[in-house]
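So in numbering that gives the first Met the number 0, spot 172 of the sequence shown is number 171, and the numbers just go up one at a time.
Each remark here refers to the structure printed beneath this line.
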Amino acid sequence: MTGTLAGPPAVHRLADVTGPADLRGLGPAELAALAAEIRAVLIDSVCRTGGHLGPNLGVVELTLAVHRVFDSPRDAVFWDTGHQTYVHKLLTGRAAEFGTLRRTGGLSGYPSRAESVHDLVENSHASTALAYADGLAAGLALRGEHDRHVVAVVGDGALTGGLSWEALNNLGAAAGRPVVVVLNDNGRSYAPTVGGLGAHLRELRHRPGTGATVFGQLGLGYLGPVDGHDVAALEAALTEARDRRTPTVVHCVTEKGRGYRPAEQHETDRMHAVAPAKAPASVTATPRPSWTGVFSAALQQVAAARPEVVALTAAMLDPTGLTPLAGTDPHRVRDVGIAEQHALTSAAGMAMAGLHPVVAVYATFLNRAFDQLLMDVALHRLPVTLVLDRAGVTGSDGASHNGMWDLSLLGMVPGMRVAAPRDAGTLAELLAEAVADGDGPTALRFPKGTVGPELPALDRLGTADVLHRPAGAPSRVLLVGTGPLAATAVAAAERLATAGVPATVVDPRWLLPVDPALVAAAGTHRLVVTLEDNGVAGGYGDAFCRELRAGGVTTPAQTLGLGQRFLDHGERGELLATAGLDVNGVVHRVLTALGPAQVGRQPKRRARAR
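Written out as C-alpha cells, the structure reads:
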C-alpha cells in the first residue's frame, strides 16, 4: 500500500520517547517532525499488521497535546473508542512492540490494562468513556484527591450513543469536578456522523460562537472549535480547560486519515480499518467471498421479493453489508448511529407499522441491546430479524470483539429462533426463512472472514441437514456441527471412520429452539457431540443437553465450545484449535469419551427415545 505523506520529513525521535514526560521539552519544529514520523510508522506498520488506520492518523497532534498538558497516569485519560489509541501506545513506551499489533502475543488493537499503566480500560465498545470519567472523578472527590484531572477523549461518533448523554447529564450537574471532555470531531464514526448531533457539530464548526451549544445548555463549559492538527492551539485550549477545574468540553476538529492521501480520498470510511498485508494469491486461485458480502447479496434478493423488509444498523452501514441496498433503496435502510439499544426498539416500532426490520450488527454489540430485544421486541412477539456478523471467534480484534455471548443471551429470550449458516447457500436460505417468519424475533449468526466451499446435504432430518453418514456400519456417534463448524464435523467424521468409529454429521441450521428430531436421533447413538463457537455456558450444547434430559434420552453428550473466559487476540484458526474446535480436537474428544473399549466395536441398536 503506497501513498503520499504530508508534513516535514521524518526524524528518528520516536525511539527516544519512553513516556509522556519526554514530550514536554520538545519545541514546535521537533513536535512537527515527531508527528510526521508517527504518521510514517502508522502507515507502514498498520498496513502490514492490519488495524484501525484512518482514526489514528487523525489524532496524532491531539494525542501529543493531551500528553503534554496532562500528567498520565496520575491524570486519568480515557479514549472513546479505544481504536484511536495507537498514537497513545507509541507515546507511552510501546513503540518497539508496535509491529506486533493485533498479532498473537503482541499488542492489543485497543487499550489494555495488561500492557500499560496508561491504559485504564479495554474500551473497544463505544460511548463508555464519559461514564467512566464521571464515576472516577466522583470517586476521587469522595476520597479527597482533588489534584488529579480526568480526561475523556471522545470521538463525535461515540456521542451518538445514549450512554454518552446519560454521562453528560450527570457531568453537567457536577460543577467543581476537574473533568475535561476532548471532543474529537472528524465528522465521522465509520461513515459520516448521523442525526441531529452531527448537524449541531457541523453548525459549530462552520459558524463558531454564533449560538448556544448543547453542552452549555447541559451545564458544561465549552471551548472551541479548535484546529485538531495545531498542537499549540490544542495545548492552549486544553490548558484553559484544565485550569477551569469544572467539566468542560474542548471541541477539536480533526481530519480522519490525515497525512495519507489514499485515506483522505477514501470516501466510504477514510480507511477506518485495513486488512493485514497478504502474500500475492495464485493467478489460478478463485477468491472466496466474505460472509458479509454473501449476506449483502442475499439481503438485496430478499428485499426485492419482500417490500416489507427494511434494514437498520448502528453506525456500521458498510461493515455489515448494507451499503449496496442503501445505494439502490436508500429509504429502506437506516443508520441510527452508535446506538444499538435505539436500533432494536426503533425496529420494534417499525415492525408495529407492518414492516419486517433486519437489524445488522456485530454479534458482540448485541450485548448492549439485550433488554430492548427481550422487553421491546420479544415480549410483543414482533417480527424483527437480527443479523449477527462477526459471531464466534473474530481473532485479531481481541477479547471484546469475539461474538461468543450471543447464543447464551438469545437462548433466554422466549420465542426466539436462531439460525447459523454453514455456507453461502444456507445463508441465503436461512435469511429468506427468517424474514418469512412473522411470529416473533429471529436471528442469523455468521463469523468474520471468508465463506468455505458449499457443503451439500444428503438428507433432511426435521429442520436439520444430514451432511455425512457412515458407509456399511450403524452410526455410533452423532456429531452436531453448527454453522461453519459443520465442515469441521464432516472432516472429523471421515477421520473417525479410519479409527473404526462410524459417525453421522448433522447441521441443525436452526439452533434454537432445539429440533426434537435431533433429540430423537441422539437416542439411537452411543455418543452425541455438539460443536459451536459460542461460550459453553448457556450455548447450543447446553440447550441440546437440556432437551436430552427433558426427553429422557440417556445418551452421553459432549459439548465443544469456547471456554468462559475473555480470549486473547490471535488468529481465528489458532483460537479455535486451542479450544478443541478443530478436526484434531473433535476426534480426540470423541475417542476419549468412547474409551478404548468402544473404538472399533459395533454398537447394539438402541430404542428410539419417546
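Glycine residues also receive a C-beta, built at the ideal position from the N, C-alpha and C atoms.
Would you say Leu324 lies against chain C (beta-carbon separation less than 9 Å)? Protein chain content of the structure displayed is limited to a single chain, and chain C is not contained in it.
Round the Cβ separation of Ser395 and His568 to the nearest angstrom and send it over; I've been treating them as touching at under 8 Å. The residue labelled residue 395 in the question sits at position 396 within the sequence shown. The residue labelled residue 568 in the question sits at position 569 within the sequence shown. That belief holds up - the Cβ atoms of Ser395 and His568 are roughly 5 Å apart, short of 8 Å.
Looking only at its chain, what residues have a beta carbon closer than 8 Å to the beta carbon of Gly320, apart from the 5 residues adjacent to it on each side? Numbered from its first residue, the sequence shown carries residue 320 at position 321. Thr291, Gly292, Phe294, Ser295, Leu298, Ala359 and Asp388.
Using alpha carbons as the reference points, say which of Pro323, Val150 and Arg244 lies closest to Asp70. Taking the first residue of the sequence shown as position 1, residue 70 is located at position 71. Looking at the Cα atoms, Val150 is the closest of the given residues.
Looking at the strands, I want to know which residues DSSP matches up with Asn183. Along the sequence shown, one-based indexing puts residue 183 at 184. Answer is Gly154 and Cys251, bridged to Asn183.
Check the C-beta distance from Val518 over to Val479 and give it rounded, since I have them as a contact under 8 Å. Sequence index remark: in the sequence shown, residue 518 carries index 519 (1-based). Sequence index remark: in the sequence shown, residue 479 carries index 480 (1-based). Incorrect: roughly 10 Å between the Cβ atoms, too far for contact.
How is the alpha helix (DSSP H) around Asp405 delimited, first residue to last? For the purposes of this step, residue 405 is identified with residue 406 of the sequence shown, where counting begins at 1. Taken as a continuous stretch (DSSP letters only), the alpha helix (DSSP H) holding Asp405 covers Asp405 to Leu409.
DSSP state of Leu590 mapped onto helix, strand, coil: Counting from one through the sequence shown, the residue named residue 590 turns up at place 591. Three-state DSSP puts Leu590 in a helix.
DSSP state of His341 mapped onto helix, strand, coil: For the purposes of this step, residue 341 is taken as the residue at position 342 of the sequence shown. Here His341 sits in helix by DSSP.
Near Thr99, what residues of its chain come up, given a Cβ to Cβ distance below 8 Å and the 5 sequence neighbours on each side ignored? For this step, residue 99 is matched to residue 100 along the sequence shown. The residues are Thr48, Gly105 and Leu106.
Ignoring anything shorter than 3 residues or poking outside the segment 351–420, list the beta strand (DSSP E) runs there in chain order. 355–361, 384–388 and 416–418
Do Thr497 and Val528 come within 9 Å of each other at the CB atom, strictly closer than that value? One-based indexing of the sequence shown puts residue 528 at position 529. One-based indexing of the sequence shown puts residue 497 at position 498. No; because the gap between Cβ atoms is not below 9 Å, this pair is not in contact.
How about Leu628 and Thr192: are their beta carbons less than 9 Å apart? The displayed coordinates of the chain run from 0 to 609. Any statement about residue 628 would go beyond what the structure contains.
Gly258 versus Leu141: straight-line alpha-carbon distance, rounded: In the sequence shown, counting from the first residue as 1, residue 258 sits at position 259. In the sequence shown, counting from the first residue as 1, residue 141 sits at position 142. Their backbone Cα atoms lie some 44 Å apart in a straight line.
Looking only at its own chain, which residues have a Cβ that is under 6 Å from the Cβ of Phe543, when we skip the five neighbours before and after it? Taking the first residue of the sequence shown as 1, we reach residue 543 at position 544. Excluding positions up to five away in sequence, the list reads Val513 and Thr529.
Quick check on DSSP: helix, strand or coil for Ser163? On the sequence shown, residue 163 is found 164 positions in, with the first residue counted as 1. Under the three-state reduction of DSSP, Ser163 is assigned to helix.
Using a Cβ-Cβ cutoff of less than 7 Å, which residues in the same chain neighbour Pro602 once the five nearest sequence positions on both sides are dropped? Translated into the one-based positions of the sequence shown, residue 602 becomes position 603. A caution first: Pro602 carries a pLDDT of 44, below 50, which makes its placement in the model unreliable, though a value can still be read off. Sequence-distant partners of Pro602 (beyond 5 residues in either direction) whose C-beta falls short of 7 Å from its own C-beta, in its chain, are Pro473, Arg475 and Arg525.
So, with DSSP's three-state summary, where would you put Asn55? Taking the sequence shown and counting its residues from 1, the one referred to as residue 55 is at position 56. Asn55 falls in the helix class under three-state DSSP.
Give the single residue among Val45, Gly256, Ala240 and Asp15 whose Cα lies nearest to the Cα of Leu33. By 1-based counting over the sequence shown, the position of residue 33 is 34. Selected option, being the one with the closest Cα: Asp15.
Tell me whether the beta-carbon of Ala377 lies closer than 9 Å to the beta-carbon of Met415. Numbered from 1 along the sequence shown, position 378 holds the residue referred to as residue 377. Numbered from 1 along the sequence shown, position 416 holds the residue referred to as residue 415. Yes. Within cutoff.
From Gly560, Asp328 and Thr285, residue whose alpha carbon lies closest to that of Val450: Position 451 of the sequence shown, counted from the start, is the residue given in the question as residue 450. Nearest of Gly560, Asp328 and Thr285 to Val450, Cα basis: Thr285.
Can you look up Gln557 in the DSSP assignment and give me helix, strand or coil? Position 558 of the sequence shown, counted from the start, is the residue given in the question as residue 557. Note: Gln557 maps to strand in three-state DSSP.
Quick check on Pro602: does DSSP put it in helix, strand or coil? Residue mapping note: residue 602 aligns to position 603 of the sequence shown, counting from 1. Only weak support exists for where Pro602 lies, its pLDDT of 44 falling under 50; the coordinates are left without a value.
Count the other C-beta atoms from every protein chain shown that fall within 10 angstroms of the C-beta of Thr393, then say buried if there are 16 or more, exposed otherwise. By 1-based counting over the sequence shown, the position of residue 393 is 394. Thr393 is buried by the Cβ-count criterion.
For Asp15, which three-state DSSP category applies? Along the sequence shown, read from residue 1 onward, the residue named residue 15 stands at position 16. Asp15 falls in the helix class under three-state DSSP.
Could you say which of Val465, Val76, Gly326 and Leu547 lies nearest to Leu63 if we only look at CA atoms? To locate residue 63, count along the sequence shown from 1; it is residue 64. Nearest option by C-alpha distance: Val76.
Nearest to Gly534 by alpha carbon, out of Gln83, Thr247, Asn401 and Arg176? Locating residue 534 in the sequence shown gives position 535, counting from the first residue. Taking only the C-alpha atoms, the option nearest Gly534 is Asn401.
Taking the DSSP output, what are the residues bridged to Trp78? Indexing the sequence shown from 1 puts residue 78 at position 79. Note: Trp78 is bridge-paired with Val152 in the DSSP secondary-structure output.
Could you give the distance in angstroms between the alpha-carbon of Gly253 and the alpha-carbon of Leu430? The residue labelled residue 253 in the question sits at position 254 within the sequence shown. The residue labelled residue 430 in the question sits at position 431 within the sequence shown. Strictly speaking, residue 253 in this sequence is Thr, with Gly absent from that position. The straight-line gap separating the alpha-carbon atoms of Thr253 and Leu430 is approximately 40 Å.
Inter-stretch contact (C-beta, 8 Å, three-pair minimum) for the segment 210–228 and the segment 365–374: no
Helix, strand or coil: which one does DSSP assign to Leu510? To locate residue 510, count along the sequence shown from 1; it is residue 511. When secondary structure is reduced to three states using DSSP, Leu510 falls in the strand class.
Asp226 (DSSP reduced to helix, strand or coil): Taking the sequence shown and counting its residues from 1, the one referred to as residue 226 is at position 227. Residue state, collapsed to three classes: strand.
Just to confirm my understanding: we take Glu307, look at its own chain, exclude 5 residues before and 5 after, and list those with CB closer than 7 Å. What are they? Taking the first residue of the sequence shown as 1, we reach residue 307 at position 308. If we look at Glu307 and ignore the five residues flanking it on each side, its Cβ neighbours are Gly353, Leu354 and His355.
Reducing DSSP to helix, strand and coil, say where Ser289 ends up. By one-based count along the sequence shown, residue 289 stands at place 290. Residue state, collapsed to three classes: strand.
At which residues does the beta strand (DSSP E) containing Ala442 begin and terminate? Position 443 of the sequence shown, counting from 1, holds the residue named residue 442. Thr441 to Arg444 is the extent of the beta strand (DSSP E) around Ala442.
Can you check whether the CB of Arg588 is closer than 9 Å to the CB of Gly611? Missing from the structure shown is residue 611; the chain here goes from 0 to 609 and no further.
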